[in-house]
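In this note's numbering, the protein residues as written are 1 to 262. All residues carry an ideal CB built from backbone N, CA and C; glycine is no exception.
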Ligand SMILES: [Mg+2]
C-alpha cells in the first residue's frame with residue numbers, strides 16, 4: 001500500500017465520483033464523525049458524485065440515501081440500493097423478487113445451525129431492518145475471537161450461503177452480489193453512468209474484509225489507516241492508505257483530492 005500522497009493529481013482531476021464504506025471508514029465507535037460528514041459535502045460541492053456502500057441493512061440505507069449528501073446508498077453489501085429521483089426515493093435489488101422469496105428458508109437453516117454449534121454467537125442488533133442478508137455480531141457489542149469468526153464463516157458456507165466479514169458483522173449472503181457489483185448497479189440506476197467502463201475515474205475508500213471486492217475492482221482504491229487491522233482478510237489490499245484512521249482518514253483523502261482538483 002502506498003501513502004495517499006502518492007495518488008497523482010491527474011488521476012484526482014479525472015475523477016467522476018467517490019464510493020465509500022460507512023462503518024469505521026466515516027464512523028468511530030458507531031457514530032458518524034463530523035470531519036467525514038463535512039468532507040462528504042465538500043466532495044459533492046466540488047462536482048463529484050458520491051455513493052455510500054455498506055453491509056448495514058437496506059432499512060438503514062433508506063435513511064442514508066435521503067438524509068446524506070449522496071447520489072445513492074447501497075446496503076447489505078450490494079444486495080440492494082436506494083437513490084432519490086427528485087424528492088421520490090427509488091430502490092433497486094440485485095436479484096428479482098422470486099429469488100428473494102427463497103432467502104428466509106436459507107436464513108432459518110443458518111440461524112438454527114449457528115444457535116446449535118456456536119450458541120454464544122448472536123444475530124446483529126440491526127437484523128430486523130435487513131431484507132436480503134443475515135448478519136451476526138462479531139465486533140459491534142462483542143469482540144468475537146478470530147477462531148470463532150472462522151468457524152462461523154465455515155457454518156454459513158456449509159449451509160450454502162456466501163460470507164463476508166466486516167469490522168462489526170459476519171454476513172450470510174444468499175446471492176452473488178458484492179460491494180463492487182452493488183456500486184455498479186446503483187450508479188447505473190441512479191445516474192445512468194457505467195462504472196465498469198470508467199473504473200479508473202471512481203475512487204473507493206473502505207476499511208475491512210467486506211470491502212475486498214471493491215478494493216480489487218477500483219484501480220483507485222484507498223484504505224483508511226485502520227485497514228491494517230484486517231489486512232489478513234483481504235486477498236488484495238487497497239492501493240493507497242491514509243495516515244489517519246476512520247472518519248479522519250476519509251477527511252484526509254478528501255483534502256488530497258480537492259487540493260489536486262483546485
Ligand atoms: Mg467498514
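So if DSSP puts residue 193 in a beta bridge, which residue, or which two residues, is it bridged to?
Answer is none; residue 193 lacks a bridge partner.
Is any heavy atom of ligand 1 found at a distance shorter than 6 Å from the C-beta of residue 263?
Nothing about residue 263 can be reported from this structure: the residues present for the chain run from 1 to 262 only.
Mark residue 147 as exposed unless 16 or more other C-beta atoms lie within 10 angstroms of its C-beta, in which case mark it buried.
exposed
Who are the near neighbours of residue 153 in its chain, counting only those whose CB is closer than 7 Å to its CB and skipping five residues on each side?
163, 165, 170
Where residue 198 sits in the DSSP three-state scheme:
coil
Using 10 angstroms around the beta-carbon of residue 238, count the other beta-carbons present and answer buried if the total reaches 16, otherwise exposed.
buried
When the distance is taken between beta carbons, is residue 172 closer than 7 Å to residue 110?
yes
For ligand 2, I want to know if residue 23 counts as a neighbour, meaning its beta carbon is within less than 6 Å of at least one of the ligand's heavy atoms.
As presented, the structure is devoid of ligand 2, carrying ligand 1 as its sole ligands.
For the beta strand (DSSP E) containing residue 20, list its first residue and its last residue.
17-20
For residue 64, which three-state DSSP category applies?
helix
May I ask whether a heavy atom of ligand 1 can be found less than 6 Å away from the beta carbon of residue 221?
no
Considering just the uninterrupted stretch of the beta strand (DSSP E) at residue 42, what are its terminal residues?
Careful: residue 42 lies outside any beta strand (DSSP E), inside the alpha helix (DSSP H) at 34-45.
Flag this pair as touching only if the segment 127-141 and the segment 55-64 have three or more C-beta atom pairs under 8 Å; answer yes or no.
yes
Residue 82 in three-state terms, based on DSSP
strand
Can residue 229 be considered in contact with ligand 1, in the sense that its beta carbon sits closer than 6 Å to one or more heavy atoms?
no
So does the segment 29-44 actually touch the segment 78-98, counting three or more Cβ pairs closer than 8 Å?
no
Between residue 168 and residue 205, what straight-line distance do the alpha-carbon atoms span, to the nearest angstrom?
17 Å
Starting from the C-beta of residue 103, find all residues in its chain whose C-beta is less than 7 Å away, skip the five residues before and the five after it, and write them out in chain order.
132, 174
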